[in-house]
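Engineer: One structure, as structure tokens, below. Some questions next.
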Amino acid sequence: MSRPYRIVYAPEAVEDLAALGKGEALREAIEAALADPYGGMSLERPMGGGHWDRVALVGTAAVRYSVSDAPGITPPTVTVTRVIV
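With my numbering, you'll find the sequence shown wraps up at 79, consecutive numbering, no jumps.
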């Protein structure tokens, strides 16, 4: 990983975490997995919008997120949009 990413959650992802009842533990696992948003169990979302629209497996959860790291975006940001178990 060449640079640190800021991780933010869309309102839908916050609702997903709350509904699962595993909010804090799962959030910590997500943040650890997405510290390198292009590595680990990450792949481009099938039928997605491009390399920035991704899905990662975190434990038993599928985490959909987008990566904003084009030149000039400081800090680079990962936006978690959905968490599905």
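Just so it is clear, CB atoms sit at the ideal spot from N, CA and C, and this is done for glycine as well.
What is the residue span of the alpha helix (DSSP H) that Arg39 lies within?
Structural biologist: In the sequence shown, counting from the first residue as 1, residue 39 sits at position 45. Counting along the chain, Arg39 falls outside any alpha helix (DSSP H), and DSSP gives it neither H nor E.
Engineer: Check the DSSP bridge columns for Arg21 and list the partner residues they point to.
Structural biologist: Your numbering for residue 21 matches position 27 in the sequence shown. Answer is none; Arg21 lacks a bridge partner.
Engineer: Can the beta-carbon of Val48 be found less than 8 Å from the beta-carbon of Thr75?
Structural biologist: Against the sequence shown, residue 48 aligns to sequence position 54. Against the sequence shown, residue 75 aligns to sequence position 81. Reading the sequence as shown, one finds Arg at residue 48 and not Val. No, the pair does not count as a contact, with Cβ atoms beyond the cut-off.
Engineer: Put Asp10 into one of helix, strand or coil per three-state DSSP.
Structural biologist: Within the sequence shown, numbered from 1, the residue matching residue 10 stands at position 16. In the structure shown, Asp10 sits in a helix (DSSP, three-state: H, G or I).
Engineer: How long is the line joining the alpha carbons of Ser70 and Ile78, rounded to whole angstroms?
Structural biologist: Taking the first residue of the sequence shown as 1, we reach residue 70 at position 76. Taking the first residue of the sequence shown as 1, we reach residue 78 at position 84. Here residue 70 turns out to be Pro, not Ser, going by the sequence shown. For Pro70 and Ile78, the distance between alpha carbons rounds to 24 Å.
Engineer: What does the Cβ neighbour count give for Val72, buried or exposed, with the cut at 16 atoms within 10 Å?
Structural biologist: Sequence index remark: in the sequence shown, residue 72 carries index 78 (1-based). Val72 should be labelled buried.
Engineer: Which partner residues of Asp47 appear in the DSSP bridge assignment?
Structural biologist: Taking the sequence shown and counting its residues from 1, the one referred to as residue 47 is at position 53. In DSSP, Asp47 forms a bridge with Ser60.
Engineer: Can you tell me which residues form a DSSP beta bridge with Tyr3?
Structural biologist: What you label residue 3 is simply residue 9 of the sequence shown in a count that begins at 1. According to DSSP, Tyr3 bridges with Val74.
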